Amino acid sequence: MVTSSAAEQLYGLCASAAQEIHEECSSLLSAGTSNGDAATSSLVGCGPALINLLSRQALQVRNCYGSLHPAHACSNRLSPDERALILKRLDDIASIAYAKFYAFLFKDLPVCWRQLYTDASILKFCFTLLHTPYVGEYSFAPSDRGSPDGLDSCELGELIKTLDLAIILAGAAGERRGRRWIDRSLELLHVAWVEDARGDGGIAFSDRPPKRTKLSTNSDGQGLNTNKQHRTTFSTDEPFTPPVRYPIRTAEALSLEQFQAHMDRPRDLKLGPEPLLIRHAIDEWPSLNARPWKDPTYLLSQTFGGQRLVPVEIGRSYVDEGWGQKLITFGELLESYIDPKLSGTKAEPQAADQSQNPPSTAARPVAYLAQHPLFTQLPALRNDIVIPDYCYTSPPPHPTDPSIDQPELDEPLLNAWFGPPGTITPLHNDPYHNVLAQVVGRKYVRLYSPLETERMYARGKEGGVEMGNTSLIDVGVVEGWDVPPYNEDEASVRSVAAFKDTPFVDCILEPGDLLYIPIGWWHYVRGLSVSFSVSFWWN
């Protein structure tokens, strides 16, 4: 029995998705919610007009796939105008759905609009894939090769972008397809991309893995740098390193029982468990060994050569004026922000810093992939880490404010934190217990007790956003590490004076370390070098 190629499986997956979306929409339109299948569809809330529009596009895509046969051409050849119209209508459906996102807080957004956006994206992906020439068993005739339906080879980046937007913006919603379908499609697309780089068949992409010294991958999708003198790990340079003044209590590879005892038997019953630095706790993670995240070529191999989209924060800190967010490719994040020297291009020259303080401004803005659920977007990287056993213990509630406690989580919440030197997470607290794992580089962390909350000067609502878990105090400015981004008034001078006397503990996280941050503890985090961390929230 001949095993189906990744390309063949991907085309079959797309054909099935188009058929399924069409049938689901038709069921909703013909039977309404009295039909059992219709009643279980989240699309029902979008209304018949949009469901009908989605159904017609799904039918068009399904007809283009037809039955899987060697020619694989559309059953009825579409003109360029007809193809453009299908893509425009799919984009229109996604735009209408996305406009609804602004009418609700994301947690209150009806799932119908998220699924509508996701299904439109799936159909766009499937339709775009049709413009990719097949090879091997599913090849076109010589006259068609390389230009099915009169189009050039599809851009891999456009395929990836379509599904990444569905993940990032809409949460890949949908019980029948949704995230499961998207994850599988991206997995098969990656295999086909690697096969194409080898010349083994699959799909012919116009943007193959780059064969140059610039950040690249080899034909196996693994890290490769053709310049032997070119560095293949992130820089460990630290422009500035704050002193550790009041070290956090430290332990070595604590057992589960010892960690539970640390929480159950605190030194101060009123305060509860205190922060704990656990050295060498994750030394066996693949991300520190067999599949090292400190190697940019490995990270590129897991992101289609850097073409996956990621959301980043632009600016020194999320409380600074001018701070913003945008979506960029992972490759742009690496080459333009994380470690520009890796690309072989010259970074903008900067005057040497003659003081013990870090530069207050840089030629390039700081970009930070911060608190992003990267591992639901990139399951391959999720396989490189392990949820620490400590996250399955029974921690105590908030020591001073029960209203902060959240409903119990079924599983820990995982988020990635990846950025260059100088990234700052301002002084804040979290509604969960937190284990922060350091995988690449070093970070400075300072923590203040929840008993000192009054001296943290919490923010209120700002621009309609609740900021009560974030302090008005800028630790870097107070310590003289950073230039104040504002003119201090008399009130802020008084609050800073009171804050300076507040006791704290601090540490520098090294690769392989875990830092336990109890619920309610205020913490300030500063990237010292290129840094990649993972936070695990649990309760």
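In case it helps, UniProt numbering puts the sequence shown at residues 1 to 539.
Every residue, glycine too, gets a C-beta built ideally from N, C-alpha and C.
All figures in this text were calculated on a predicted structure; none of them were measured in a lab.
Q) For S30, which residues of its own chain have a beta-carbon under 8 Å away from its beta-carbon, when the five flanking residues on both sides are left out? A) If we look at S30 and ignore the five residues flanking it on each side, it has no Cβ neighbours.
Q) Hey, quick one: how far does the alpha helix (DSSP H) through T376 stretch, first residue to last? A) Bounds of the alpha helix (DSSP H) holding T376 are L374 to Q377.
Q: Work out the CA separation of R446 and K88 for me, nearest whole Å.
A: 51 Å
**Q.** Spatial distance of D339 from V530 (CA atoms)
**A.** Between the alpha carbons of D339 and V530 lies a distance of about 7 Å.
Q. Which residues in the same chain as C46 place their Cβ atom closer than 6 Å to its Cβ, once the five residues preceding and following it in sequence are excluded?
A. C112 and L116
Q) For W193, which of helix, strand or coil comes out of DSSP? A) helix
Q: Determine the direct distance from the alpha carbon of W293 to that of T236, and round the result to whole angstroms.
A: T236 and W293: Cα-Cα distance of roughly 13 Å.
**Q.** P503 to G419 span [Cα, whole Å]
**A.** Distance from the CA of P503 to the CA of G419, rounded to the nearest whole angstrom, comes to 29 Å.
Q: Kindly give me the distance between the Cβ atoms of V366 and G322, rounded to whole angstroms, as I take these residues to be in contact under 8 Å.
A: Going by Cβ atoms, the distance from V366 to G322 rounds to 11 Å, so no, they are not a contact pair.
Q | Contact set for Y390: own chain, Cβ-Cβ below 6 Å, skip 5 residues either direction | A | F259 and V435
Q) Straight-line CA distance for L334 to S27? A) 46 Å
Q. What do you reckon, are the CB atoms on L186 and F125 nearer than 7 Å?
A. Taking 7 Å as the Cβ cut-off, L186 and F125 do not qualify as a contacting pair.
Q: Could you pull out every residue in the same chain whose Cβ sits closer than 6 Å to the Cβ of L256, ignoring the five residues on either side in sequence?
A: If you ignore the 5 residues before and after L256, its C-beta comes within less than 6 Å of the C-beta of D389, all in its own chain and listed in chain order.
**Q.** Residue from L378, L374 and H262 whose Cα sits closest to the Cα of E302
**A.** This sequence places Gln at residue 302; Glu is not what is there. Selected option, being the one with the closest Cα: L378.
Q | Cβ pair F330, V310 closer than 7 Å | A | yes
Q: Could you name the residues of the same chain whose beta carbon sits closer than 8 Å to that of P426, not counting the 5 residues immediately before and after it, in chain order?
A: S317, Y318, V319, T470, S471, D474, V475 and Y524
Q. Looking at Q60 and L90, is the spacing between their C-beta atoms short of 7 Å?
A. no
Q | Same chain, Cβ closer than 8 Å to R308, neighbours up to 5 away in sequence not counted | A | I160, D164, T329, F330, Q377 and L378
**Q.** D506, enclosing beta strand (DSSP E) - first and last residue
**A.** V505 to L509
Q: Determine, using beta carbons only, whether G520 and N429 come nearer to each other than 7 Å.
A: yes
Q: Could you tell me which of H22, E238 and Y246 sits nearest to P275, measuring between CA atoms?
A: The candidate whose alpha carbon is nearest that of P275 is Y246.
Q. Residues in its own chain within less than 7 Å of S41 by CB, not counting five upstream and five downstream?
A. E24 and L28
Q. Given S535, which residues of its chain have a CB within under 6 Å of its CB, disregarding the five upstream and five downstream residues?
A. N415, N434 and L436
Q.
Let's test the definition: count the other Cβ atoms within 10 Å of the Cβ of E284 and tell me whether it reaches 16, buried, or not, exposed.
A. exposed
Q: Would you please state the rounded distance, in angstroms, between the beta carbons of T118 and A170? I believe it to be under 8 Å.
A: 5 Å
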